[in-house]
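Here the structure comes first, spelled out in structure tokens, and everything after it is commentary.
Chains as they are written, first to last, in UniProt numbering: chain A, 1 to 434; chain B, 1 to 434.
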């Protein structure tokens, strides 16, 4: 039998006054991740990416004056006395690149979007004419400039059309394409290695023996990383001991040195248990007196004043290609995902330059009373009724109820100094949107 | 010179009374698309997909009674007279599959998540003991069941943990994994062929000649399809004539017969212009008297009572492998994307079984007055201030201002019978979120 339990533990109790405030741990995690580098991707792969540099239009948009209507390009002065018949001297479909100039007293048949001929200053729409092809009878006059879209009316040459930090959706991709940009500089998606290491864990799809459970944190956290804009990659192995854990991790990091890992994310293995390989591996040479040292095992384990999600860790691991950021999350699936929401997701999105690193936050009235521990920030899973403006907790405070988590569409936040919130009171809500 | 203009046209005016109501055209587009088939994907690829069938847990969760604490598994009755010292007869780390039963009067050292030994009915947390490894001194009694998570407390065997139609995010993937499911049945993502066919269009990244513009609708609509949960694929070609257009489209459809195209999406080429190959190709054998016939060119072109986005079309094309749905959108980029939002996105998401086919809709106070044409539903681009509860139009009513569209985060909806909305009045807002 091994040595007795250490002082640290992962239970859901403890002295709140000695715990790290949520904001302090969030800042520590955010500080681990640096802004990601720039890479250039074709527009077809740009959706959901964050623009790394201002996008400047090299030319005006529209690039040339063009017709806003199907009709006839004319000189407005030639329509002073309507009705009037004008010879149709040319045909200007959209895309015609060699359109001749317009002679006085003539009209060119023109399509929407086609370049205005030199000499023309207005378009008379087909509905105001007899739609003639040799000669056109025009019934109503137009003013100079009428039905003409001027060059640069939408965008001028040299204009910043999309500032750095823009999230690229369909409209932004359309605008980039319209100004002629076929590939855009975007921030690299942070690469996150999600470790699944518990000896009790069996991959989903494999049969269970008594005492084993299916591993859920790995697929869940890898999906959460992807959802945040990163690239989650699951590495599943059961370490025999600290040396083998470190060797396996270092091999994985070395194999990815061409496109290095930005963050190693673990869950579980960090409470007081006697078999806590992850904690041992990341902390065994760490000095309590030097929590920030960089001797290769610089992960600080801490209790954070929140429920769920008290046992947290953050720091660096000295890998084969340099220091790599490490965040350790609690092992319980609900604690793990809630901790990811509070600490990791905003940090990843900040590293990505995302314009909205945090979840949308609203306030809603509580549908039923709830209690919360003194000195700890509670994050309850909830369902919001946007029409009624109310939010109801789902699944109670218990951190192991994964089925309730999967029904939640928001988190309810109860502050550290609040121990009871009556029904009808307003609380902060983070929207998890689908 | 070709024949004169036809009766139809794509200009942003016309008789509203003769136009098709927005809801009617939306229903026609929705009716084109059938619910997509089911395919099974591994959890690692399931994020963002819609579950096709109820997911039933094959076993309870937790699968066995386990410890909620690091501590000692005991019989509560043995702690009737605390303090008491008990021999530590076994060690039960999480994942141990061969734990022996607990003999009366003994304790097993147990870790969080480890299976409760037969005969034990409670766990005393390590903090209430001397943490001994040979013998443990227990200071406080526990009740039967204390610190034990019962089998099936989260999920019972046979329970529907995720109903069909669930959108799979990290929590839902975690739950599927936890109940042992490694791959899930999801709805196939609709495959959409986006055609870019204008003779004036040049691919982004290529140089422009006078009269040409960079093609933006294709990349924009392909991204919008992806954003809606479909698979957008851009097919860019300049048809010489109707025959060559049809041949190129049919070749593309035939080449995809293994994974057939669900929808052909075009933009432009459907107004009154003399060079409207797309419209000609889809409508040339169509009889006005039989708008719903299926002779292979069953696309009906119509004017819809909205601004922007009046010229619309929907129907079927008889391709080499059968009928394929066709939706034709207006060519102007802003009209095109707004029309996609109104008609195509909800239809694609319905076909996918998405639980929320429509954009989130809220109401907000208008920051400035706006005008809207009588008899047509106006969709203005806007920016919402969620804190103030206000929304401001961006870029005016002009449908060609792509830069303004790219700054918008919502659409404002002004009803058909409203021609003026004063500042401060409440309007419907569709949130485009990112």
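Heads up, the beta-carbon is just placed ideally off N, CA and C, and yes, glycines get one too.
When the Cα of residue 278 of chain A is compared with those of A:199, A:254, A:178 and A:392, which residue comes out closest? A:199
Does residue 392 of chain B come within less than 8 Å of chain A when only Cβ atoms are used? no
Own chain partners of residue 50 of chain A with C-beta closer than 8 Å, once the 5 adjacent residues on each side are dropped: 165, 166, 167, 168, 186, 187, 229, 352, 353, 354 and 355
What residue does the alpha helix (DSSP H) around residue 336 of chain B start on, and which one ends it? 333-339
In the DSSP assignment, find the unbroken beta strand (DSSP E) run with residue 109 of chain B in it and report its ends. 107-110
Does the beta-carbon of residue 39 of chain A, which I'm using as the reference point, lie nearer than 7 Å to any heavy atom of the ligand GTP? The ligand GTP is absent from the structure shown, which contains no ligands of any kind.
For residue 135 of chain A: DSSP bridge partner residues: A:87
Ends of the alpha helix (DSSP H) at residue 349 of chain B? 345-351
Checking contacts by CB at 8 Å: is residue 175 of chain A closer than that to chain B? yes
Please report the residue range of the alpha helix (DSSP H) in which residue 251 of chain A lies. 242-255
Closer than 7 Å at the beta carbon, the chain A residues around residue 318 of chain B: What residue 318 of chain B touches in chain A: nothing, since even the nearest Cβ is about 28 Å away.
Using three-state DSSP, classify residue 15 of chain B as helix, strand or coil. coil
Per DSSP, cross-strand counterpart(s) of residue 298 of chain A: A:316
Chain-order list of residues whose beta-carbon lies under 7 Å from that of residue 417 of chain A (same chain, five-residue window excluded): none
Residue 215 of chain B touches chain A at which residues, Cβ-Cβ below 9 Å? 177 and 178
Within-8 Å CB hit, residue 220 of chain A to chain B: yes
Could you check where the beta strand (DSSP E) with residue 73 of chain B kicks off and where it finishes? 71-74
Run down chain B in chain order and give the residues with a C-beta less than 7 Å from the C-beta of residue 154 of chain A. 400, 401, 402 and 403
Same chain, Cβ closer than 6 Å to residue 118 of chain A, five either side skipped, listed in chain order: 101
Got a sec: which bits of the stretch 140-166 of chain B sit with their beta carbon under 7 Å from any beta carbon on chain A, in order along the chain? 149, 154, 155, 161 and 162
Label residue 287 of chain A either buried or exposed according to how many other C-beta atoms from any shown protein chain fall within 10 Å of its C-beta, with 16 as the threshold for buried. For residue 287 of chain A, the predicted structure reports a pLDDT of 44, less than 50, and the residue's modelled location is therefore unreliable. A value from the coordinates is still provided. It counts as exposed.
Take the Cβ of residue 390 of chain B as the centre, count every other Cβ of all protein chains shown within 10 Å, and call the residue buried at 16 or more, exposed below. buried
When the distance is taken between beta carbons, is residue 350 of chain A closer than 8 Å to residue 360 of chain A? no
Which residues, in order along the stretch 94-119 of chain B, keep a beta-carbon less than 9 Å from a beta-carbon of chain A? 94, 95, 96, 97, 98, 99, 109, 111, 112, 113, 114 and 115
Output, in chain order, the set of chain B residues within a Cβ distance shorter than 8 Å of residue 64 of chain A. 210 and 211
So the beta strand (DSSP E) residue 385 of chain A belongs to, where does it begin and stop? 377-385
Considering only residues of the same chain and omitting the five flanking positions on each side of residue 175 of chain B, which have a CB-CB separation below 6 Å? 161
What does the alpha-carbon distance come out to for the pair residue 421 of chain B and residue 152 of chain A? 30 Å
Closest Cα partner of residue 67 of chain B within the set B:429, B:27 and B:96: B:96
Members of the stretch 42-58 of chain B near chain C, C-beta cut-off 7 Å: Included in the structure are the protein chains A and B, with no chain C among them.
Range covered by the beta strand (DSSP E) that runs through residue 393 of chain B: 390-393
What's the C-alpha gap between residue 87 of chain A and residue 305 of chain B? 35 Å
Sequence-distant residues of the same chain with beta carbon closer than 7 Å to residue 28 of chain B, five excluded per side: 314
Where does residue 199 of chain A sit, in a helix, a strand or coil, going by DSSP? coil
Answer with yes or no whether the minimum CB distance from residue 200 of chain A to chain B is below 8 Å. yes
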